[in-house]
Amino acid sequence: SRTIQIPPMLLTDLLPFLERKVQQEKPWEGPAAWRYQIGLEARGKLHIHLHIWPQDYIDKIVHICHELGLSLRQLAPLSTLAESQLSTLPVEPGKGSILLTMLEGKIMIVAGNDDGTPIWTRHLFPAQDWVPLGERVGTEANRTIMFLTQQTNFKFPCIWLWDDEERLTASEIQPHVNTPLVPYPIKPDWNYWLWVGAMLPVNLHSNFTPTQVLQAPLRNTLTKAFVAMLAIFIIFGVATTSVIEGYLARHRTAMQTMTEQVTALQQDHAQWESRLMSLDTKRQWTQSVSETTTPELEGPFLSYMGSIIPTQVILLKAFVERTQDGWNVELEGSTSTNLAATLLVLDQFVQQLADGPYHVSLHEDWRDQLLTQTDTPTNERPLYRFTLKGTMS
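In this text, residue positions in the sequence shown follow my numbering: the first is 774, and each later residue adds one.
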């Protein structure tokens, strides 16, 4: 286990970086398994606590558990036990906690914030024989507190100590550290540590148990449940089939009659379907003939009207609309003659439309419209506007 400092980065960039770092740091040949924990972030630096184990070591433990019929649930470093105890320490808001412990001969310094979350973990490696162990531990504890005080706003009023009376005691450390040492409230033994390890969650960040091994119990349970459900389904299916066969045997004659009736209905249905398809085909053919035999009238009519329109008339709008009953016609225009001449010219034009090949029948209200107008001089010439509306059959 080691702690590295890196600039803050996204998780998508962090994981490839850590993978390269693991390949550089591992002291053995072969694949490596690794876990990481994001710790202290201060002054533009992110501290990552990195655990690196040989993959062969993990595979051997998994194999041994499998041979013994055991289900491996937790495989984590010893420091995880100490880190889990930070949340049990009494800490005031705005202050941090430091736990100094020795497990299996390894000295660890674990620091956490006021809610018990680990932010720093140090492993002290053996030093020279002429340096007393108490002096070295006290010196490293002082360095750790100074570093964390500089990097964070937390104060560390005391150091909690799990001492080992055979190798390391508070009296050996206290002369070399400025912060008071406080004995841990519990005197742990291996039964206590076994209980702590059993209470660790399986989704712990430092759990080296492979995912497929963690999922194996659930997968086995689901497989057994599926097999049981399949067996129940087969038994139920066989029983249901037997009941149905018995029922069919007792009502075979009725079933035959019903089958004949269903067959006759299916034949009638097919015949009616054929007739409906034939009628639909004829309807489509009739509709296509009707649509293709109805000529377009707008173009020829406008061409005819252009040949008969008087020269005194200025046509401004010609609108022809096809309806179910025939054609609607609307003509708008103006004349540059006086009222009497305009009435005469339009009367002749209306009569030509009525007598012509298109039999245009116009409403008589166009006369009243003209009579209500007063001439408007335009370049000293009268100007009358008119609107002719009618139908064409």
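Don't be surprised by glycine CBs; every beta carbon is placed ideally from N, CA and C.
Taking all protein chains shown into account, decide if residue i is buried (16 or more other Cβ within 10 angstroms of its Cβ) or exposed.
{"i": "H1042", "result": "exposed"}
{"i": "A1001", "result": "exposed"}
{"i": "E856", "result": "buried"}
{"i": "H824", "result": "buried"}
{"i": "F1092", "result": "exposed"}
{"i": "S1015", "result": "exposed"}
{"i": "W933", "result": "buried"}
{"i": "M875", "result": "buried"}
{"i": "L1126", "result": "buried"}
{"i": "I959", "result": "exposed"}
{"i": "V910", "result": "buried"}
Can you name, in chain order, every residue of its own chain whose Cβ lies under 6 Å from the Cβ of residue i, other than the five neighbours on each side?
{"i": "N1111", "result": "P1155"}
{"i": "A1105", "result": "A small correction: the amino acid at residue 1105 is Glu; Ala does not occupy that position in the sequence shown. Here the set comprises L1089, K1090 and T1160."}
{"i": "L1135", "result": "V1123, L1161 and G1163"}
{"i": "T1108", "result": "Q1085, V1086, T1115 and Y1157"}
{"i": "E1103", "result": "F1092 and K1162"}
{"i": "Y957", "result": "W933 and W935"}
On the DSSP bridge assignment, give the partners of residue i in chain order.
{"i": "I837", "result": "Beta-bridge pairing links I837 to no other residue."}
{"i": "I959", "result": "According to DSSP, which records beta bridges pairwise, I959 is partnered with nothing at all."}
{"i": "W1100", "result": "R1095 and M1165"}
{"i": "L848", "result": "Bridge partners of L848: none, in fact."}
{"i": "K799", "result": "Bridge partners of K799: none, in fact."}
{"i": "I871", "result": "A884"}
{"i": "R895", "result": "I882"}
{"i": "V1133", "result": "M1165"}
{"i": "V1086", "result": "T1108"}
For the beta strand (DSSP E) that residue i lies in, which residues bound it at each end?
{"i": "T1160", "result": "Y1157 to M1165"}
{"i": "T1147", "result": "First-last for T1147: undefined, no H or E at that position."}
{"i": "L813", "result": "A805 to A815"}
{"i": "L823", "result": "K818 to P827"}
Can you tell me where the alpha helix (DSSP H) with residue i in it begins and where it stops?
{"i": "Y1077", "result": "E1071 to I1081"}
{"i": "T776", "result": "From DSSP, T776 is part of no alpha helix (DSSP H) but of the beta strand (DSSP E) over R775 to I779."}
{"i": "L906", "result": "L906 to Q924"}
{"i": "L1126", "result": "L1112 to D1128"}
Excluding the 5 residues flanking residue i on each side, which residues of the same chain have their C-beta closer than 8 Å to its C-beta?
{"i": "L1038", "result": "none"}
{"i": "L1143", "result": "L1112, T1115, L1116, L1119, Y1157 and F1159"}
{"i": "V955", "result": "C931, I932, W933 and L934"}
{"i": "E798", "result": "R775, L823 and I825"}
{"i": "T861", "result": "G889"}
Short of 7 Å in beta carbon distance, which residues of its chain neighbour residue i, apart from the five on each side in sequence? Order them along the chain.
{"i": "S979", "result": "R808, Q810, H824, A849, P850 and T853"}
{"i": "I1082", "result": "L1088 and F1122"}
{"i": "P930", "result": "K868"}
message: With a threshold of 8 Å, are at least 3 pairs of Cβ atoms found where one atom belongs to the segment 842-856 and the other to the segment 966-973?
response: Output reads yes: the segment 966-973 touches the segment 842-856.
message: Does the segment 777-797 come into contact with the segment 893-913, if we say contact requires no fewer than three beta-carbon pairs (one atom in each stretch) closer than 8 Å?
response: Three or more Cβ pairs closer than 8 Å define a contact, and the segment 777-797 falls short of that threshold against the segment 893-913.
- prompt: So, do the segment 921-941 and the segment 865-884 have three or more beta carbon pairs nearer to each other than 8 Å?
  reply: Touching, per the Cβ criterion.
message: Using a Cβ distance threshold of 8 Å, determine whether the segment 910-918 contacts the segment 942-950, with at least three qualifying pairs required.
response: Judged by Cβ distances under 8 Å, the segment 910-918 makes contact with the segment 942-950, as three or more pairs qualify.
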